[in-house]
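Worksheet for the structure shown next.
Residue numbers (this note's numbering): 1 to 166.
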């Protein structure tokens, strides 16, 4: 839809063009991922009515309060493993390997808690699964890194001793 108008004035002649806004619309195709859309939550995150019975989640021994207990046990058990090489003055490869694996598990549990809290499945759907998958991939790569440090180097405690002496 294009209209041309000729305007004349005593000193000049100008041609003005009225172009519709539709001609400025970008012609870029939309890229969508149908499985990656965010889920719209009802107001107040209330599903159903007030009179509906509460449906508790299925109990799982690896989540909930047990998960919190496992995290605390791992954290407390890392303290003597960190102190043993420094107090004794001798590096134990088995203690060093156990410390590395427990430290990795401790970090994974912390990041997993962040993903569960801040990228909930009920809102983000498959993005939650993508985040957990990336965390698992990073954990496996880190486990390989710990293996390389333990076999080709002197271990994590030697790295800590070198960092401490700087």
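Cβ atoms here follow ideal geometry from the backbone N, Cα and C, with glycine treated the same way.
| request: Hey, could you find the ends of the alpha helix (DSSP H) residue 71 is sitting in? | output: 65–88
| request: Could you tell me whether the segment 92–105 touches the segment 114–125, using the rule of 3 or more Cβ pairs below 8 Å? | output: no
| message | Considering just the uninterrupted stretch of the alpha helix (DSSP H) at residue 129, what are its terminal residues? | response | 126–152
| field | Cβ neighbour criterion (16 or more within 10 Å) applied to residue 85 | value | buried
| Counting along the chain, where does the alpha helix (DSSP H) carrying residue 102 start and finish? | 93–118
| Euclidean distance between Cα positions of residue 142 and residue 149 | 10 Å
| request: Look up residue 160 in the DSSP assignment and say whether it is helix, strand or coil. | output: helix
| field | residue 107 versus residue 154 - alpha carbon distance | value | 22 Å
| said: Tell me which residues share the same chain as residue 94 and place their Cβ nearer than 6 Å to its Cβ, disregarding the 5 neighbours each side in the sequence. | reply: none
| said: Let me confirm a value: residue 157 is counted as buried when at least 16 other C-beta atoms fall within 10 Å, else exposed. Which label applies? | reply: buried
| query | So residue 71 and residue 109 are in contact, right, with Cβ under 8 Å, and what is the actual spacing, rounded? | reply | 5 Å
| message | Please state the DSSP three-state secondary structure of residue 40. | response | coil
| said: Between the alpha carbons of residue 83 and residue 114, how many angstroms are there, rounded? | reply: 28 Å
| Chain-order list of residues whose beta-carbon lies under 8 Å from that of residue 135 (same chain, five-residue window excluded) | 108, 111, 112 and 115
| said: Let me check understanding here. Comparing Cα to Cα, which of 51, 55, 89 and 98 lies closest to residue 74? | reply: 98
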